[in-house]
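Worksheet: the structure to be examined is printed underneath.
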Amino acid sequence: MQTVLTKFRVKSGREELAREWMRFLADHLEEGNATLPDEGAHVETWFLGEEPDGLWVYTYTIVDDAREQQRRFEGSSRMIDAKHKEYMKACVDYGSFVLMKPAVALGDYSVFGR
Numbered sequence: 002m003q004t005v006l007t008k009f010r011v012k013s014g015r016e017e018l019a020r021e022w023m024r025f026l027a028d029h030l031e032e033g034n035a036t037l038p039d040e041g042a043h044v045e046t047w048f049l050g051e052e053p054d055g056l057w058v059y060t061y062t063i064v065d066d067a068r069e070q071q072r073r074f075e076g077s078s079r080m081i082d083a084k085h086k087e088y089m090k091a092c093v094d095y096g097s098f099v100l101m102k103p104a105v106a107l108g109d110y111s112v113f114g115r
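For the sequence shown, this note's numbering gives the first residue as 2, with consecutive numbering after it.
Written out as structure tokens, the structure reads:
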């Protein structure tokens, strides 16, 4: 099981679209939650943060395997994932993408049945 934190800058001029993206995810929680087991994900949390150099998106996830989770997401044909990918393509400055790994991860991972 892996705990992953990522961050990426929102493309300049796409800040309102990024906020729309987060509203879309919030408005489709049931559909979004239904995708998690298929992706081997247990927790997926999204944050927006205003920084001096622009708007950033942070994601915090607990997954069985991060690479496998990403592969399954990319191969998904679900409507919610297709829309999510559209927003990502329009909003994400992939040159700013940072993958952070925890120095320490505390918690009772048994709640995930592992």
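Idealized CB from N, CA, C, for every residue including glycine.
Local Cβ density within 10 Å of residue i, reported as buried at 16 or more and exposed below that
i, result
"R72", "exposed"
"V105", "exposed"
"V99", "exposed"
"R24", "exposed"
"E40", "buried"
"R15", "buried"
"V44", "exposed"
"F112", "With the sequence shown as reference, residue 112 is identified as Val, and Phe is not the correct amino acid for it. Looking at its Cβ environment, which holds fewer than 16 other Cβ atoms inside 10 Å, V112 is exposed."
"A19", "buried"
"D28", "exposed"
According to DSSP, residues forming a beta bridge with residue i
i, result
"Y59", "K8 and F48"
"Q3", "V64"
"D109", "According to DSSP, D109 bridges with nothing at all."
"L100", "T7"
Contacting residues, own chain, Cβ-Cβ under 7 Å from residue i (five flanking each side not counted)
i, result
"A42", "T62, V64 and Q70"
"S97", "F9 and R10"
"T4", "I63, P103 and A106"
"S13", "G55"
Rounded distance between the beta-carbons of residue j and residue i, thought under 8 Å
i, j, result
"T60", "T7", "5 Å"
"W22", "Y95", "Contact flag wrong, Cβ pair sits at about 15 Å."
Same chain only: Cβ atoms within 8 Å of residue i, ignoring 5 sequence neighbours per side
i, result
"D54", "R10"
"D66", "Q3 and G41"
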